[in-house]
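Colleague: Structure provided below as structure tokens; questions to follow.
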Amino acid sequence: MSDSSIIDLIKNGGQPALGKVYATYRSEFISWMTKAYPISEDDSKDVYQVTILIFYDNVRSGKLSEMASSIKTYLFGIGKNLAREHMRKAKRITSIDQKKWLREHLVEESQEPFDDNVFSIARAAVSRLGDPCRKLVELYYYQKKSMEEISTLLNYKNADSAKNQKYKCMAKLRQLYHEQEHSAQTTTTL
Amino acid sequence: MNDPDYDIELIERYFDQDLTSDERALFERRLQHDEGFKRLFDRERHLIGAIKLEGALRDLEYLREIEKGALFQGSHYSSNNDSGSDSQSRLRRLIPYALSAAACLLIIAMAIFYFKPGSPQRMASKYTEENLLYLSTTMADGSDSLRLGIAAYNSSDYERARNIFESIAQETGSLEAMKNLGLSYLASGEYDKALHQFDMLSERDDIYVNWGPFYKAVTLMMRSAPGDEDVAKEVLQEVVQKQLPGHRVASGWLDRW
């Protein structure tokens, strides 16, 4: 597969496309990482999984509209940074914390770090948001789908209808956040 | 005086990259000196972050399954070198997936048969799912009890919502409480009781914006008891004729009936 066809696949495909891209560079990445760094094969798989998801997010959010280097070089670059970070921070042998990496590199990125307490409440609110809202907001904010695409995927009348529904879903999520926050405060004071 | 609803809309537009450059500059200046606004902004930032993290964790789980070989056994996605695998063993591994696929096809066929495209029940179900599972608190008349009832409804705690709305409706005769009580019954599948509420609302001629008839039609379409579809159709025709709330949706449904 050429680099440009992989980029197209990522922009237009869902999880099956993710699986294809994952398989394309997997062996080479793991082989390189285990030779270049004192990292086990299992840990290098963990690094590779986070690397692919960061790469995926960068393509979908338009940060990689034009590749200065090949995809392979780009992936290895991400992997190198993650591996070095792991070795720098780990004072003893610890397993790789993929969730923490995803939070830092894919979610927080270069923003002000999240407040743990607020983020925990936000995650609890999101977990209570049922479908179709959960699906809609994930398609929009995580998969970076346009409202036209969302209206087709979720069978809305048109993009405006999908946008309207998104506003309602976010309002519902804020309400759930408020309830979680109130519940957390009540628990603290008891 | 700040309008929280306007601020929230502005913040959502900011994250949707829907502000002009001047609006954006004003927005970012305001973040520097308006603490209340910054708090709302931070909450939104954390909520969007949580949505992204949940999506990423879902994809991570998918990649882990690929790594285990669970999804693509015998294919090049597997972490094992399967060049030596025999074809019979590969076929045996495929059997559970074949059975799952057959079960899914059966369920889909049953759903298509039961919920025919354009069937009244399917149209009402879709409408309910998209429009009636969440009540806006900005529509509440300022009463704390009503807001509590709406909060319970929006958390899908329909029993609590019903108790609150019923109490308000009995004490004050609030039309919004009656409407929300009907919606609570509808959301929890108690169609007879929902119909009773919407019938009472429909009979009122002192309501300027009366959703009673339209919601009555939705409930009849959901219940789908013998004769319900015919009555629902008549009600929808009345809604369209008198340009009552819901008339646009009603018109679309009647075209597809």
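First to last, the protein sequences are chains H and E.
Residue numbers -18 to 171, in our numbering, belong to the letters of the first sequence in order.
Residue numbers 43 to 299, in our numbering, belong to the letters of the second sequence in order.
Glycine included, each C-beta is placed from N, C-alpha and C at the ideal position.
None of these values were measured; they are calculated from a predicted model.
1) Could you check how far apart the C-beta atoms of E:A98 and H:Y123 are, in whole angstroms? I think they sit under 8 Å.
2) Does the Cβ-Cβ distance between E:F69 and E:I90 come in under 7 Å?
3) Taking C-alpha atoms, which residue in H:V99, H:S132, H:N136, H:Q79 lies nearest to E:L300?
4) Kindly indicate if chain H contains any beta-carbon less than 7 Å away from that of E:I93.
5) Can you list, in chain order, the residues of its chain with a C-beta nearer than 6 Å to that of E:A259? Leave out the 5 residues immediately preceding and following it.
6) Could you tell me whether the Cβ atoms of E:E213 and E:L223 are closer together than 7 Å?
7) Taking only the alpha-carbon atoms, compute the straight-line gap between H:K16 and H:E85 and give it to the nearest angstrom.
8) How about the stretch 136 to 151 of chain H and the stretch 91 to 105 of chain H: do they share at least three Cβ pairs that are nearer than 8 Å?
9) Does the CB of E:N196 have a neighbour CB from chain H at under 7 Å?
10) Please determine, among E:Y227, E:L105, E:D84, the residue with the shortest C-alpha to C-alpha distance to H:D97.
11) Taking only runs that begin and end inside the stretch 264 to 297 of chain E, name each unbroken alpha helix (DSSP H) of 4 or more residues, in chain order.
12) Restricting to Cα atoms, I'd like to know which of E:L95, E:V251, E:L177, E:M165 is closest to E:L262.
13) Anything in chain H within Cβ reach of E:R33, meaning under 9 Å, just list it in chain order.
14) Check the Cβ of E:R85 against every Cβ in chain H and list those closer than 8 Å, keeping chain order.
15) Leaving out the 5 sequence neighbours to the left and right, which residues in its chain are closer than 8 Å to H:L(-10) when beta-carbon positions are compared?
16) Report the three-state DSSP secondary structure of H:W82 (helix, strand or coil).
17) Exposed or buried, what is H:L117 when buried is set at 16 or more other beta-carbons lying within 10 Å of its beta-carbon?
18) For E:R298 and H:F10, I'd like the C-alpha separation in whole angstroms.
19) If we ignore side chains and look at the alpha-carbon of each, how far apart do E:I192 and E:N173 end up?
20) List the residues of chain E whose Cβ lies closer than 8 Å to the Cβ of H:P113, in chain order.
21) Straight-line CA distance for H:F95 to H:W82?
22) My assumption, with CB atoms under 8 Å, is that E:R246 sits in contact with E:S226. Please give the rounded CB distance.
23) So with Cβ pairs under 7 Å, would you call H:K26 a contact of chain E?
24) Taking the straight line between their C-alpha atoms, what separation do you get for H:V40 and H:I(-13)?
25) Report the three-state DSSP secondary structure of E:Q59 (helix, strand or coil).
26) Under three-state DSSP, which class holds H:L135?
27) Would DSSP call H:G(-5) helix, strand or coil?
28) Who are the neighbours of E:A307 on chain H, taking C-beta pairs under 9 Å?
Modeller: Let me lay it out:
1) Contact between E:A98 and H:Y123 holds: their C-beta atoms lie close to 7 Å from each other, under 8 Å.
2) no
3) Since the first residue shown for chain E is 43 and the last is 299, residue 300 of chain E is missing from the structure and cannot be characterised.
4) yes
5) A274, V277, L278
6) no
7) 26 Å
8) no
9) yes
10) That would be E:D84, whose Cα lies nearest to the Cα of H:D97.
11) 270 to 283
12) E:M165
13) Beyond the ends of chain E as shown, which are 43 and 299, falls residue 33 of chain E; an answer cannot be given.
14) Near E:R85 (Cβ distances below 8 Å), the residues of chain H are V99, A103, R155, Y158.
15) M(-18), A(-2), K1, V2
16) Reduced to three states, the DSSP call for H:W82 is helix.
17) buried
18) 55 Å
19) 14 Å
20) E171, E172
21) 13 Å
22) Not a contact, Cβ separation roughly 19 Å.
23) Residue contact check for H:K26 against chain E: a CB pair falls below 7 Å.
24) If I take the Cα positions, the gap works out to 10 Å.
25) coil
26) Reduced to three states, the DSSP call for H:L135 is coil.
27) coil
28) Residue 307 of chain E is absent from the model: chain E starts at 43 and stops at 299.
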